[in-house]
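Participant: Pasting a structure here, questions to come.
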Amino acid sequence: MRVSITNIASKAGVSVATVSRVINSSGYVNKQTRQKVLDALAELNYRPNLVARSLATRQSNTIGLMIPHIASVFFSSFAAAVEERADDLGYNVILTHTREDCAREAKCLDMLINRQVDGIIATPVGHGVNYFVDVADRVPIVFAARKIENIGISSVTVDNLAGSYRVVSHLIKQGFRDIGIITGPTVISTGRDRWLGAKRAMEENGLVIDPQFVKEGDFTAEAGYRLMLELLDSPVRLSAVYTANHMTTVGVLKALREQGLTVPGQMEVASFEGFHDTVFDYLIVPKLTANFHPTKEMALSAVNMLVEQIQATKAGSDYISKDVVLNTKLIVNS
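When we follow the numbering used here, the leftmost residue of the sequence shown carries the number 582, and every step to the right adds one.
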């Protein structure tokens, strides 16, 4: 049988209103009476109806998190850090997986709205401007890792262009000239900016960009594997390859190993982001030159920004969107 607050009130010898004030942390209840209620709650194993409470208070203390790749080292670490920070601030997290699919992204947004979330942290697929604008009119949103420009939604990203420029410039300074580049999808902000950073490094160092050495991937290991094999089939022998993220790197390393090529002996590999500070770091041998990506700092910033916006909305205050850009740090291992 479900325990009601009437049962709790009877057990504690207080009014229903007093029990309600204790459960919802609203209004004054003296210390002795509060303890009686808490003891009754524990003894009867009371579990509040969170859905009913959210309808009454219009606050569910839940935020939605939308990520595109649930198997990604970055996004799994990011999701864990978001959950930890949200828990510190008294929020639960509902995780959704968009799979880089626009239709699923819209479906996930609808589901989160129907679940009465107080706000949403989203890594956008890159195309769905209109439905994000519509949702932002009803629920606070913060973009993380990627952003959609000029639609008034706050974001926290890293300086993708500068980080990419830094890695490719390092390769060139090490004497590499025939460099293959595997980008992310350039339709999204991270893919575009990481390509532009690599391109700038090549151009500023007087290197001609051969289109056959540039492959557009999708930030997955499968694409990294396939595109690395394509690069190896080109008539000009590459001396190095730059990958736009760590999962692409996994596919590249697999392809090189299958072809019997050693790293760094026969092929230098460098990436925009590496496996530093992840549980997979010890598996990557040899260590690769890559940027340290401030994943935890990004998660902390995204949750803080969202909760700030939720609180402003609840108070009826205006909230001005803002873009936070974090720096990466080059870690040289070759």
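Built from N, CA and C at the ideal position, the CB exists for glycine as well.
1) Out of Thr587, Leu810, His650, Thr599, which has the shortest C-alpha to C-alpha gap to His536?
2) Using beta-carbon positions only, say whether Thr870 and Asn914 come within less than 9 Å of one another.
3) Just how far apart, CA to CA, sit Arg747 and Val866?
4) Less than 9 Å between the beta carbons of Tyr627 and Ile589, yes or no?
5) Based on Cα-Cα distance, which residue from Ile604, Lys612, Ser641 lies nearest to Ala623?
6) Check whether the Cβ atoms of Phe794 and Gly761 lie closer than 9 Å to each other.
7) According to DSSP, is Ile901 helix, strand or coil?
8) What does the alpha-carbon distance come out to for the pair Lys754 and Ala779?
9) State the Cα-Cα distance for the pair Met864 and Thr677, rounded to the nearest angstrom.
10) Thinking C-alpha only, which one of Ser770, Thr830, Leu788 is nearest Ala802?
11) What residues in its chain sit with their C-beta under 6 Å from that of Gly645, if we drop five residues either side in the sequence?
12) Name the one or two DSSP bridge partners that Ile644 has.
13) So who's on the other strand from Lys910, going by DSSP bridges?
14) What's the gap between the Cα of Asp904 and the Cα of Ala851?
15) Is Gly761 helix, strand or coil by DSSP?
16) Nearest CA to the CA of Arg758: which residue from Thr764, Val654, Leu819, Ser657?
17) Indicate whether at least one CB of chain D lies closer than 9 Å to the CB of Ala717.
18) Would you say Arg696 and Gly744 are within 9 Å of each other, going by their C-beta atoms?
19) Give, in chain order, every unbroken run of the beta strand (DSSP E) that is at least 3 residues long and sits entirely within the stretch 726-792.
20) Can you tell me which of the three DSSP states Phe724 falls into?
21) Just list the residues that DSSP pairs Ala851 with in beta bridges.
22) So what's Val795 in DSSP terms, helix, strand or just coil?
23) May I ask which residues mark the beginning and end of the alpha helix (DSSP H) holding Ala652?
24) Beta carbon of Met886, beta carbon of Ala662: below 9 Å?
25) Could you give the C-beta distance for Leu619 and Val584, rounded to a whole number, given that I count them as a contact under 8 Å?
26) Using three-state DSSP, classify Ala896 as helix, strand or coil.
27) Going straight from the alpha carbon of Glu811 to that of Phe861, what length do you get?
28) Thinking just about the alpha-carbon of each residue, which of Ala598, Val720, Ala660, Glu730 is nearest to the one in Lys895?
29) Starting from the C-beta of Glu797, find all residues in its chain whose C-beta is less than 7 Å away, skip the five residues before and the five after it, and write them out in chain order.
30) State the Cα-Cα distance for the pair Gln890 and Glu664, rounded to the nearest angstrom.
Facilitator: A quick look at the data gives this:
1) This structure cannot speak to residue 536, because the chain is shown only from 582 to 915.
2) yes
3) 22 Å
4) yes
5) Ile604
6) yes
7) coil
8) 14 Å
9) One point to set straight first is that residue 864 is Leu, not Met, in the sequence displayed. Leu864 and Thr677: Cα-Cα distance of roughly 28 Å.
10) Thr830
11) Ile675, Leu693, Val698, Ile701
12) Val674, Gly700
13) Phe873
14) 28 Å
15) strand
16) Leu819
17) Given the protein chain composition of this structure (a single chain), no chain D is represented.
18) no
19) 735-739, 760-764
20) strand
21) Tyr823, Thr870
22) strand
23) Careful: Ala652 lies outside any alpha helix (DSSP H) and carries neither H nor E.
24) no
25) Not quite, the Cβ-Cβ distance comes to about 14 Å (not below 8 Å), so this is no contact.
26) coil
27) 27 Å
28) Val720
29) Thr764, Pro766, Thr767
30) 18 Å
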